[in-house]
Amino acid sequence: MKIKGSTNIVGLIGHPVEHSFSPPMHNAAFDELGMDYAYVAFDVDPHNLKSAIDGAKSLNIKGFNVTIPHKIEVMQFLDEIDEIAGLIGAVNTIDFKNLKGYNTDGIGAIRAIEEVTTIKNKNVVVAGAGGASRAISFYLVKYGAKSITILNRNVDKAKSLANDILDSGLINEVIADSVSKINGYLVNADILVDTTPIGMYPHVDDEPIVRAESMHNDLVVFDAVYNPNETPLIKEAIKAGAKPVYGIKMLLYQGVESFKIWTGRDAPADEMEKVLKQTLNLEG
Ligand code: NAP
C-alpha cells in the first residue's frame with residue numbers, strides 16, 4: 005500500500021487499541037481491491053472523545069470503527085443513529101458522510117450463523133446478557149427469530165435485556181432465566197449463542213457453558229469467543245454432531261459490514277479472514 009495525497013483515511017478509536025486486529029484486516033482488504041484507502045488505529049482518551057470526532061470531521065476522515073470504552077458515549081456526538089444501533093444502545097461504526105452511527109457487531113454474528121442456518125422462525129438460546137449479547141439479540145429479532153431465551157448468571161440483567169427486546173415490539177416471546185438451567189432450554193432450541201467469555205484464552209480449559217450430552221445434533225452452536233478458534237464449547241458441539249459456528253466469523257463479518265458502509269463496496273471476505281487468522285495466530 006502506498007499512502008498518497010489522495011489516500012482516504014478510515015480507522016479505529018478506542019482505548020487501548022494497539023492489539024487491534026482491524027488495521028491488518030482492513031488494509032489487506034483495501035490492498036486486495038486496489039483501493040486508495042488506509043486504516044489507522046487511534047488511541048483516544050475518554051476525555052478527548054468529542055474533540056476526536058470533531059477533529060476527524062475536520063480532517064475529512066471517511067469512517068471509524070469504535071471500540072471499548074467509547075461505543076456508548078460516542079453516540080451523543082453523532083447526527084444520526086441507525087435504528088437497530090439505537091435499540092442496542094451502542095455503535096461500533098461511524099460513517100462520516102452523514103455522521104451516522106451503526107452497530108455491525110450483531111449483524112456480524114447473524115451473518116456467521118446464517119452461513120450454517122437461517123435465523124427466521126428459529127428458537128434461539130442466548131447465554132450472557134452483556135454488550136455482545138445485547139448487540140446480537142436485537143439482530144436476532146430483526147432477522148425473524150421466533151423466540152429468544154436470555155440466560156445469565158445475574159438473572160436481573162437477563163430480565164432487563166429481555167424487557168428491552170420486548171419493548172422494541174419486534175418479537176412476542178422473550179424468556180429470561182438463570183444460565184444454570186441451560187440444559188433444559190436446549191431441548192427445544194435450534195440455535196445456541198454463547199456470549200460469555202468462558203474458554204477465552206488463556207482460560208482454554210474452562211468448563212463450557214454446556215456439554216455435548218445436552219446438545220441435539222440439529223443444534224447450531226455459535227461461540228462469540230474467537231481465541232482459541234476451537235473453544236471448549238465448540239469442541240463439545242463437534243462431539244455432539246451439532247453445527248459449530250466460530251467466533252472469528254463474527255469478527256470478520258462485523259468488519260465486512262463496516263467496510264461496505266464506508267466504501268459502498270463488497271469487502272473481500274476471504275482475504276480478510278486469512279489475514280485475521282494470521283493476525284490472531286489461529287490455525288486453519
Ligand atoms: P460483557 O459485557 O462483560 O458480558 C459478559 C457476559 O458473560 C455477562 O452476561 C456475564 O454474566 C457473563 N459471564 C462472564 N463470565 C461468566 C461465567 N464464568 N459464567 C457464566 N457467565 C459469565 O462482555 P461482552 O462485551 O458481552 O463480551 C463477551 C464475550 O464475547 C467476550 O469473550 C468477547 O471477547 C466476545 N466478543 C466477541 C466478538 C466477536 O467478534 N467474535 C465481539 C464482541 C465480543 P454476569 O452478568 O452474570 O456477570
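Residues are numbered in this note's numbering as their position in the sequence shown, beginning at 1, plus a constant of 4.
By construction, the Cβ of each residue, glycine as well, lies at the ideal position given by its N, Cα and C atoms.
Neighbourhood of residue i by C-beta, 6 angstroms cutoff - its chain only, sequence neighbours within 5 removed
{"i": "GLY245", "result": "ASN221"}
{"i": "ASP181", "result": "LEU155"}
{"i": "GLU240", "result": "PRO212, ARG215 and ALA216"}
{"i": "VAL134", "result": "First, the residue type needs correcting, since residue 134 is Gly and not Val in the sequence shown. For GLY134, where only same-chain residues beyond five positions count, there are no Cβ hits under 6 angstroms."}
{"i": "SER172", "result": "LEU91"}
Proximity below 8 angstroms, CB of residue i to CB of residue j
{"i": "TYR43", "j": "PRO27", "result": "yes"}
{"i": "PHE100", "j": "LYS126", "result": "no"}
{"i": "PHE34", "j": "ILE57", "result": "no"}
{"i": "THR199", "j": "ILE242", "result": "no"}
{"i": "ILE123", "j": "LEU144", "result": "yes"}
{"i": "ASN96", "j": "LYS75", "result": "yes"}
{"i": "ASP83", "j": "ASN102", "result": "yes"}
{"i": "LYS150", "j": "LEU174", "result": "no"}
{"i": "VAL130", "j": "LEU190", "result": "no"}
{"i": "VAL178", "j": "LEU170", "result": "yes"}
{"i": "TRP266", "j": "VAL14", "result": "yes"}
{"i": "TYR257", "j": "PRO232", "result": "no"}
{"i": "ALA45", "j": "MET276", "result": "no"}
{"i": "GLU36", "j": "PRO201", "result": "no"}
{"i": "ILE98", "j": "GLY67", "result": "yes"}
Three-state class that DSSP yields for residue i in the structure shown
{"i": "ILE85", "result": "strand"}
{"i": "SER172", "result": "coil"}
{"i": "THR267", "result": "helix"}
{"i": "ASN12", "result": "strand"}
{"i": "PRO206", "result": "coil"}
{"i": "TYR106", "result": "strand"}
{"i": "PHE68", "result": "strand"}
{"i": "ASN127", "result": "strand"}
{"i": "HIS23", "result": "coil"}
{"i": "LYS150", "result": "coil"}
{"i": "GLU275", "result": "helix"}
{"i": "ILE114", "result": "helix"}
{"i": "PRO219", "result": "Position check: residue 219 holds Met in this sequence, whereas Pro was assumed. DSSP places MET219 in coil when its eight states are reduced to three."}
{"i": "HIS74", "result": "coil"}
Reference residue i, options the options, closest by Cα
{"i": "ASP274", "options": "LYS264, LYS146, VAL260 and THR267", "result": "VAL260"}
{"i": "ALA228", "options": "PHE68, ILE76, ILE114 and LEU63", "result": "ILE114"}
{"i": "SER24", "options": "LYS243, ASP35, PRO201 and ASP47", "result": "ASP47"}
{"i": "ASP109", "options": "LEU284, TRP266, MET276 and GLY251", "result": "GLY251"}
{"i": "GLU234", "options": "MET29, GLU22 and HIS207", "result": "HIS207"}
{"i": "SER137", "options": "GLY173, ILE98, GLU22 and LEU91", "result": "LEU91"}
{"i": "ASN12", "options": "GLY18, HIS30 and GLU22", "result": "HIS30"}
{"i": "LEU16", "options": "THR153, GLU277, ILE202 and THR71", "result": "THR71"}
{"i": "ASP86", "options": "VAL78, LYS104, GLY38 and VAL279", "result": "LYS104"}
{"i": "PRO236", "options": "LEU255, ASP209, TYR230 and LEU256", "result": "ASP209"}
{"i": "MET219", "options": "GLY203, PRO201, TYR230 and ILE186", "result": "ILE186"}
{"i": "PHE142", "options": "ASP40, ILE65 and ASN107", "result": "ASN107"}
{"i": "GLY38", "options": "MET5, GLY148 and PHE263", "result": "MET5"}
{"i": "LYS54", "options": "GLY93, GLY18 and ASP270", "result": "GLY18"}
{"i": "LYS281", "options": "LEU255, GLY268 and GLY203", "result": "LEU255"}
{"i": "PRO73", "options": "LEU63, ILE65, ARG157 and ALA94", "result": "ALA94"}
{"i": "ILE238", "options": "VAL197, ASN285 and SER262", "result": "VAL197"}
{"i": "SER164", "options": "ASN192, SER262, GLY132 and GLY59", "result": "GLY132"}
Interface flag, residue i vs chain C, CB-CB below 8 angstroms
{"i": "VAL14", "result": "Going by chain labels, chain C is absent from the structure shown, which holds only one protein chain."}
Spatial neighbours of residue i in its chain, beta-carbon cut-off 7 angstroms, leaving aside the 5 residues before and after
{"i": "ILE7", "result": "ALA42"}
Residues that residue i bridges to, as DSSP identifies them
{"i": "TYR43", "result": "VAL14"}
{"i": "VAL224", "result": "ILE195 and LYS247"}
{"i": "GLU181", "result": "As written in the sequence, residue 181 is Asp, which differs from the Glu given in the question. According to DSSP, ASP181 bridges with LEU155."}
{"i": "ILE98", "result": "PHE68 and GLY105"}
Proximal residues to residue i (C-beta, below 8 angstroms), its chain only, five neighbours per side dropped
{"i": "THR121", "result": "ASP194, ILE195, VAL224 and LYS247"}
{"i": "VAL249", "result": "ALA116, ILE117, GLU119, VAL120, VAL224, VAL225, PHE226 and ASP227"}
{"i": "ALA166", "result": "ILE152, ILE154, VAL178, ILE179 and ALA180"}
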